[in-house]
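Every letter in the sequence shown is one number past the one before it in my numbering, and letter 154, counting from 1, is 202. Note that beta-carbon positions come from the ideal geometry of N, C-alpha and C, so glycine has one too. Computed from a predicted structure; not experimentally measured.
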Amino acid sequence: MINGKSLLITGGTGSFGKMFTKILLESYDPKKIIIYSRDEFKQDVMRKELMFKYPDKMNKLRFFIGDVRDKERLYRAFDGVDYVIHAAAMKQVPACEYNPFEAIKTNIHGAQNIIDAAIDRGVKKVVALSTDKAVNPINLYGGTKLVSDKLFISANAYSGSKNTIFSIVRYGNVAGSRGSVIPFFKELIEKGIKELPITDFRMTRFWITLEQGVDLVIKALKESKGGETYISKIPSFKITDLAQAMLPGCKMKEIGIREGEKLHEVMITKDDSRTTYEYEKHYIIYPHFDWWNFESHFTPGGKLIEEGFEYNSGNNSEWLTVEDLRDWLIKLNLMPNIE
């Protein structure tokens with residue numbers, strides 16, 4: 049399905065875009081991969097990295113400078129594109145709080161621009177990346193991503209004769225991603241700090257790697273029929289256990305939850321449970337609209353989950369121990385360097 053196709057990644061120079069491009073080049077034979085982003089320096093760095101690793105595949109890559117706010121540029125970039133992965137967003141919670149108009153322009157207006165351009169240019173499928181913060185949002189970033197998710201789901205009713213398919217992939221903070229707790233702890237430990245700050249000793253998070261995130265996006269590309277929200281089955285961990293895995297025996301100081309922060313990551317709400325189906329390695333939340341037809345849109349093999357079920361990192365059935373976390377950190381080269 050991916051072989052011989054043209055794919056475009058908005059926000060393509062980010063962590064996800066880099067991993068997605070790497071997996072496409074190593075495991076598939078796409079016709080073309082377009083990296084669409086607004087930072088020329090990051091594009092130059094990514095181009096050089098890929099040139100070193102995949103010198104014989106650079107003819108498949110295109111680097112487009114552009115912003116998702118710019119609809120005309122999106123129309124140009126989407127010409128001849130089969131699949132779009134929408135990863136561009138303003139993601140930093142404090143930045144969105146302080147610059148709300150900018151967050152709305154990128155995360156909401158940008159989503160609408162993607163939808164319009166995809167339909168009008170005849171793109172076959174669009175997979176938009178979501179976040180746990182879009183579920184029962186308590187900060188502006190989560191609020192804008194909730195609206196973005198709703199736009200992409202409803203876009204399936206607007207594609208008309210073009211038959212563009214829109215779906216969503218939702219996951220939380222990726223292990224080791226910029227701005228997350230692992231690089232923060234790593235930096236403190238490498239500076240010699242022996243007492244790590246914990247916002248709340250009860251705090252939990254889901255554990256997902258970039259590779260797992262990419263796998264779920266590829267599943268959505270291959271299977272989606274329109275309107276689905278894909279969520280991986282992944283383990284949880286305690287933030288206190290992460291601290292002990294990175295610095296065994298360390299002291300921990302509780303400093304209080306930051307503005308816009310939750311105790312637990314939530315992926316599926318109790319209200320969503322009525323339209324959520326469980327599969328072997330993931331869940332799918334299906335939309336509840338008149339245009340959505342069960343017979344034509346449902347992916348076989350799923351079982352309706354119990355009403356009232358809530359999937360959050362605090363009530364998960366699978367947990368990583370301190371030892372499990374340390375093994376993962378070593379495998380992903382995320383352990384601090386201590387002499």
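Straight through space, the alpha carbons of E371 and L199 are spaced by roughly 41 Å. Each of W367, N381, I333, D319 was checked against the Cα of I216, and the nearest Cα belongs to I333. Where A166 is concerned, the enclosing alpha helix (DSSP H) starts and stops at 158-168. The distance from the Cβ of I113 to that of R95 is about 12 Å, inconsistent with a contact at the 8 Å cut-off. For N51, the number of other beta carbons within 10 angstroms of its own is below 16, and it is reported as exposed. Residue range 252-254 is occupied by the beta strand (DSSP E) that includes F254.
Contact between I246 and P384 is absent: CB atoms are separated by about 17 Å, not below the 8 Å threshold. According to the DSSP assignment, R218 belongs to the beta strand (DSSP E) that extends over 213-219. Contact annotation: L373 and A293 have beta-carbon atoms nearer than 7 Å. Exclusion of the five residues before and after T257 leaves A223 as the residues of its chain whose Cβ lies within less than 6 Å of its Cβ.
The beta carbons of R121 and I82 sit no closer together than 7 Å. Contact check for A205 against I163 fails: the beta carbons are separated by 7 Å or more.
Cβ contact annotation for L382 (same chain, cutoff 6 Å, sequence separation greater than five): G224, I230, in chain order.
DSSP places L244 in the strand class (E or B) of the three-state scheme.
Between D127 and E88, the alpha-carbon positions lie close to 21 Å from each other. A direct Cα-Cα distance of roughly 39 Å separates D375 from D130. When the alpha-carbon of V183 is set against those of E309, N341, E355, P348, the nearest one is in E309. The alpha-carbon separation between G350 and I386 amounts to approximately 47 Å.
At the C-beta level, D180 and V314 come within 7 Å of one another. Residue burial is scored here from C-beta neighbours: G304 has fewer than 16 other C-beta atoms within 10 angstroms and is therefore classed as exposed. When beta bridges are read from the DSSP output, R110 appears opposite I82. In this structure, K173 sits near I213, with a CB-CB distance shorter than 7 Å.
H345 is the residue among H345, S178, L377 whose C-alpha sits nearest the C-alpha of G275.
The beta-carbon separation of G261 and K210, rounded to 28 Å, does not stay under the 8 Å limit for a contact. Under the Cβ criterion (8 Å, minimum of three pairs), the stretch 132-150 does not count as touching the stretch 91-108. Between I156 and V195 the beta-carbon gap is near 5 Å, inside 8 Å, which marks them as a contact. In the three-state reduction of the DSSP assignment, V183 falls in the coil class. Taking K234 as the centre and dropping the five residues before and after it, the same chain places the C-beta of P384 closer than 6 Å to its C-beta, in chain order.
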